[in-house]
Each structure stands twice: as C-alpha cells, then as structure tokens.
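Trainee:
2 protein chains.
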Amino acid sequence: METKNYCYEYPRPSVTTDCVIFGFDNGELKILLIERGIEPCKGKWAFPGGFMRENENSDECAKRELREETGLQDIFIEQLFTFADVDRDPRGRVVTIAYYALVKLTQYNIQAGDDADNAKWFPISQIPPLAFDHDRILRMAINRLRGKIRYQPLGFELLPERFTIPELQNLYETVLEIKLDRRNFRKKILATGLLIDHNESIKGQPHKGANLYSFDEGKYQQLSNTGFNFEI
Amino acid sequence: METKNYCYEYPRPSVTTDCVIFGFDNGELKILLIERGIEPCKGKWAFPGGFMRENENSDECAKRELREETGLQDIFIEQLFTFADVDRDPRGRVVTIAYYALVKLTQYNIQAGDDADNAKWFPISQIPPLAFDHDRILRMAINRLRGKIRYQPLGFELLPERFTIPELQNLYETVLEIKLDRRNFRKKILATGLLIDHNESIKGQPHKGANLYSFDEGKYQQLSNTGFNFEI
DNA sequence: ACAAAAGTGTTCTGTCTACACCCATGC
DNA sequence: GCATGGGTGTAGACAGAACACTTTTGT
Chain A
1 METKNYCYEY PRPSVTTDCV IFGFDNGELK ILLIERGIEP CKGKWAFPGG FMRENENSDE
61 CAKRELREET GLQDIFIEQL FTFADVDRDP RGRVVTIAYY ALVKLTQYNI QAGDDADNAK
121 WFPISQIPPL AFDHDRILRM AINRLRGKIR YQPLGFELLP ERFTIPELQN LYETVLEIKL
181 DRRNFRKKIL ATGLLIDHNE SIKGQPHKGA NLYSFDEGKY QQLSNTGFNF EI
Chain B
1 METKNYCYEY PRPSVTTDCV IFGFDNGELK ILLIERGIEP CKGKWAFPGG FMRENENSDE
61 CAKRELREET GLQDIFIEQL FTFADVDRDP RGRVVTIAYY ALVKLTQYNI QAGDDADNAK
121 WFPISQIPPL AFDHDRILRM AINRLRGKIR YQPLGFELLP ERFTIPELQN LYETVLEIKL
181 DRRNFRKKIL ATGLLIDHNE SIKGQPHKGA NLYSFDEGKY QQLSNTGFNF EI
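Taken in sequence, the protein lines are chains A and B. Here the first sequence is numbered in UniProt numbering, starting from 1 and rising by one per residue. Here the second sequence is numbered in UniProt numbering, starting from 1 and rising by one per residue.
#1: Cutting at 6 Å between CB atoms, please list the residues of its own chain near B/T96, excluding the five before and the five after it.
#2: Taking the CB atoms as reference points, tell me whether B/Y172 and B/G155 lie closer together than 8 Å.
#3: Buried or exposed: which applies to B/S58, given that a residue is buried once 16 or more other Cβ atoms fall within 10 Å of its Cβ?
#4: Using 8 Å as the threshold, is the C-beta distance between A/L105 and A/T164 below it?
#5: What are the residues of the region 12-39 of chain A that lie near chain B, defined by any Cβ-Cβ distance shorter than 8 Å?
#6: Determine, using beta carbons only, whether B/F81 comes closer than 8 Å to chain A.
#7: With a threshold of 6 Å on Cβ separation, who are the neighbours of A/I137 within its own chain once the five nearest residues in sequence on each side are excluded?
#8: How is the beta strand (DSSP E) around A/D59 delimited, first residue to last?
#9: Just checking my contact of A/A101 with A/I21 at CB under 8 Å: how many whole Å lie between their CB atoms?
#10: Name the chain A residues that come within less than 8 Å of B/R67, Cβ to Cβ?
#11: Report the partner residues of B/Q79 according to the DSSP bridge assignment.
#12: Would you please verify whether the beta carbon of A/D114 is less than 8 Å from any beta carbon of chain B?
#13: Helix or strand or just coil, what does DSSP make of A/D135?
#14: With a cut-off of 8 Å on the beta carbons, I'd call B/P48 and B/E65 a contact; round off their distance for me.
#15: Leaving out five residues on either side along the sequence, give the residues of the same chain with a beta carbon under 6 Å from the beta carbon of residue 236 of chain A.
#16: Taking 8 Å as the CB-CB cut-off, is B/N55 touching chain A?
#17: Could you check whether the Cβ of B/M52 sits closer than 8 Å to any Cβ belonging to chain A?
#18: Mapping the DSSP letters down to three states, classify B/F185 as helix, strand or coil.
#19: So if DSSP puts B/T17 in a beta bridge, which residue, or which two residues, is it bridged to?
#20: So is B/A119 buried or exposed if we call it buried at 16+ other beta carbons inside 10 Å?
#21: Would A/D133 count as contacting chain B if we go by Cβ distances under 8 Å?
#22: For the candidate residues B/A210, B/I178, B/N143, B/A141, whose alpha-carbon lies nearest to that of B/E167?
#23: Which class does B/F163 belong to by DSSP, given the choice of helix, strand or coil?
#24: I need the straight-line Cα distance from B/E157 to B/A46, nearest angstrom please.
#25: By the three-class DSSP mapping on this structure, what secondary structure does B/K219 have?
#26: Note down, in chain order, every chain B residue with its Cβ under 7 Å from the Cβ of A/I97.
#27: Let's test the definition: count the other Cβ atoms within 10 Å of the Cβ of B/T70 and tell me whether it reaches 16, buried, or not, exposed.
#28: If you drop the 5 nearest sequence neighbours on each side, which residues of the same chain put their C-beta closer than 8 Å to that of A/T192?
#29: Thinking B/R88 and B/F132 are a contact (beta carbons under 8 Å), I'd like their distance in whole angstroms, please.
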C-alpha cells in the first residue's frame, strides 16, 4: 500500500486534518469522539478528521470533515498545531493539521450517531483510550483553550445564544479549574459593556431565576479594531 | 513534473518547512531572507526552508534547513502555523509548516552569505518583495512574537548572553512599538529575580556605562514549574 | 565643564480582592 | 416558611503610572 512518490525529488506524506470539538453541558467540558471501526487503532476513539483533497485548503477540509462526520457547521474553528512525527501512523507517513472547534452544545443538541455511527461526547475527566497520538493533540487543545479563553471571548461560543452570568462563570471555572468570586465576576464581565441585557429571566426553578444576556459580537468587533482587549 | 500520487485514495501534497528568523541589532528588529536564484519567484526574497524528508519530523526539518542554509543551530525555534492554500505555489500543491526562530545576532554575528550566497538581514521596516505567500507568513510571525514576548521570556533569545537593562528595554520598545518608563521597567524586570547581576559595566562610552546582566534560565524553569508567569 | 545616558524613590491612582446581607421563586 | 441560588456595595490591599534629580564617564 505504501508507495514512494516524489515531486521536486522529495517523498510526499499524506496530509489530514483532525478536529478537537469542545462542548459544555451540565457544568462539564466535553469532547466529541468517534469510535474507529477499522484498523489501525480499531476500537479506540479518535477526533473527526480525514484526508485533505486536492481542491481544498486545510480550513475547508477541517470544516468539511466536521460537517460530514458530525453535521456541525458555522461554528468556531481554528487551526491548533501540526503534527508531523515520523511514526505517528503505522500505515505510513501522515502529517496532521489539527484544529479545535467550539460548539453551543445545548443549542445544536447534537446526538451521538448523527452521521458517524459511534460518535459520543466524553467529559474531559473521562476520556477513553485514544487512537494514534490523539492524546497529545487533546492535551494541546485543552491548553490552547485554557490560555485563550482568558483574553478572547471564546466562552460565548460554548454557551447558548442567551445565557446567564452564573452559567458563564461556571464555564470559566470549569475550563480554568479555578473558583471565582461571584460579585467580582459579574462586575468585571458587565464592565466590558459587551453583554446585552434581555430583561428576561429563567423560570421554573425553586429559586430566583437568573437574568438572560447575550454577547454583543458587533460591539466586540468594533472595540477590538480600536485596540481593546477582552480579558477575564 | 506534477504527478498525482494516491495513498488511501487521496492525493499527497509536498510538505516543506519555512523559518522566519528574527534578529535584533542596532535598535532594529531584523529578518534573515534568502534571495531566490531560480523560478518560481526568481529574484524575490524568501525564508530559509525546504522539503521535509522521510526520516525526519517537521521540527527536525526546520532545524536542519536552518543549519544548512544559515549555519545557525541551537537557537530558539518554535512552530508558527501551517499554510495549506491550494494555489500558494505555482509548481503544485505545497503545504508549508512555518516556524519562527530567534537569534542572538550580535553574538553569533552571522554574515550575509554564510552558506546561502544571497542571505541578508532586513529591518522589518524595509522588507523587499517576498516570494509566494511569505508576506502573510511574516505578518503572522511578527504578531506571534509581539504577543508572546509579553508573557514569555523570549526577549533574552535576541540579546547577547550578557546585556544591559537599557538594551533589554530598547528591545521591548522596538518589538512592541511602545515607549516604556525607564524606572518602572527596571523595577519590574529586577523584581522577577530572574536577572543575574555581573557587577560589570560597559566601558569606553562618553557617559556612564550600564551594568551587565544575564538571564537566569535555570531559575525561570524552576519558577514556571511552580505556576509562575513571566510578564512585562 | 559639559554632554550623554545610567541609576534611583515616592506619591498617586485605579484595579483587584475579600467579604455579608437581602431578594425572588417553587415547593 | 423554608430552602436554594441570584443579585448588590464597600473598604483595604496592591500593583501600575507618573515624575525629577544625581551620578558616571569621555572628551
């Protein structure tokens, strides 16, 4: 199966994209994985991904694979890192351009088995054995998310369109694995002026329902053009 | 020349690494470029780089190319981003894993033409027309350096082993394109406890010579393991 | 003695932290 | 009326910003 192919006198590796998909639900950070039905690594779990085609760039490839394997589209996706170790795939030389994506899980409400039969969400505390070097990719994706959520408004990509401040705080606490002061968090997040108050609150709970907000994407774009920095 | 090669039924692109090399000299941030002697883009300037071999990963490839084309080794180098647009190289499909490197320019004292005949340092304010999509790569490298120098001790990689605080400040001011207060800068950088005082100062100037320091790499490693964050 | 850059300390201001009580809702 | 979580304000600590004068050295 392995053949040597040369162009400019050099062998060419296969190139794939893989995508680490984060969701947030029930106070837990989760990852969408697909169970491999064929060798190599049959029975292990892997990120959705696949081979880059001749007529698409890596961004397009990552988005296409996401759509084909999970039905997801129009979600936040960003290049993470490229993995090019010699022996990462037993079938031959494979270079993988890894991506990570953020899903409004409660909104899209993806079910395991949308397109791929054995897709499943796993809390990051209970990740099953992963195929290839996907554990390394996962570690890097989590670090990227942790690092970037502090100074870019990524959190909102993981929550429904309308969310409460306690939900947002819970997300930050979960992702960053820290505790935050309720009063200070609310002050800081409202001080950015980037939350739109909908004067509407959650009903049907045995306690006061929290107020709903949404993120003002347009205002954020404006502000970031004038050198403003979001920061938690 | 272009042939279609399939493995797992998919065509394989060529894979290269390119490296954006930063140096700092004379109060200027500079980039090392190589003039292309052959088509395509003959006469334009490009980053050193080349095709990844069968028995090396991308890090090894980037370091090897650096050594072969500039004589540089054992310098700071890090993966930047992967460029995989369909038409970035007129010869065919080429995926480039870009790197950036930092050189202690005054120390290594690389001369234009070490190995590659037409290597030359350019101040970033006077970059000549670049080959392929290298202007995009350069922009991304500069942004990465600007972003990362604030919260990781990258600055020291661009200065000689022993440097003065005014030199270090000058570097930060140049890279970040801002002015910093001399007294506050000194206070902050010394407060980290990461500078070793050599009680030795620059001589032969028509004014007071500045004191020499070096960066305490070992202490930084220790501190960063215990959750310390460098920040300017 | 003078020009040029290095070195040094204090005050002010604004931001982050810590913390306790009342409010709304469903049962 | 009680249990549960939501919402609010203030005082103290701390870090960052602003700022002027003295010191060293070569010419």
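Where is the CB? At the ideal position from N, CA and C, for every residue including glycine.
Mentor: The answer reads as follows:
#1: Correct list, in chain order: T16, D18, F83.
#2: Annotated as proximal: B/Y172 and B/G155, with beta-carbon spacing under 8 Å.
#3: By the 16-neighbour rule on beta-carbons within 10 angstroms, B/S58 is buried.
#4: When the beta-carbon positions are compared, A/L105 and A/T164 stay at least 8 Å from each other.
#5: Per Cβ criterion, the list reads R12, P13, S14, V15.
#6: Yes, because at least one Cβ of chain A sits closer than 8 Å to the Cβ of B/F81.
#7: A98, listed in sequence order.
#8: No beta strand (DSSP E) holds A/D59; the alpha helix (DSSP H) holding it covers 58-70.
#9: Correct: roughly 5 Å between the Cβ atoms.
#10: In chain order: nothing, as chain A lies at least about 18 Å away.
#11: B/Y99.
#12: Annotation note: pLDDT 48 at A/D114 (below 50); position unreliable, coordinate value reported separately. No, its Cβ sits nowhere closer than 8 Å to a Cβ of chain B.
#13: Here A/D135 sits in helix by DSSP.
#14: Sure, about 6 Å apart at Cβ, within 8 Å.
#15: Outside the shown range of chain A, which is 1 to 232, sits residue 236 of chain A, and nothing can be said about it.
#16: At a cut-off of 8 Å between beta-carbon atoms, B/N55 makes contact with chain A.
#17: For B/M52, the answer is yes, since a Cβ of chain A falls inside 8 Å of its Cβ.
#18: In this structure, DSSP gives B/F185 a helical state, which the three-state scheme calls helix.
#19: Per DSSP, the beta bridge partners of B/T17 are B/G50, B/I97.
#20: Sixteen is the threshold: when 16 or more other Cβ atoms of the shown chains lie within 10 Å of the Cβ of B/A119, as they do, the residue is buried.
#21: Chain B contact via Cβ: absent.
#22: The option with the nearest alpha carbon to B/E167 is B/A210.
#23: Note: B/F163 maps to strand in three-state DSSP.
#24: One C-alpha to the other measures close to 23 Å.
#25: Helix, per DSSP.
#26: In chain order, T82, A84 make up the part of chain B whose C-beta sits under 7 Å from the C-beta of A/I97.
#27: Looking at its Cβ environment, which holds 16 or more other Cβ atoms inside 10 Å, B/T70 is buried.
#28: Counting only Cβ-Cβ distances below 8 Å, and skipping sequence neighbours, we find F230.
#29: That belief holds up - the Cβ atoms of B/R88 and B/F132 are roughly 6 Å apart, short of 8 Å.
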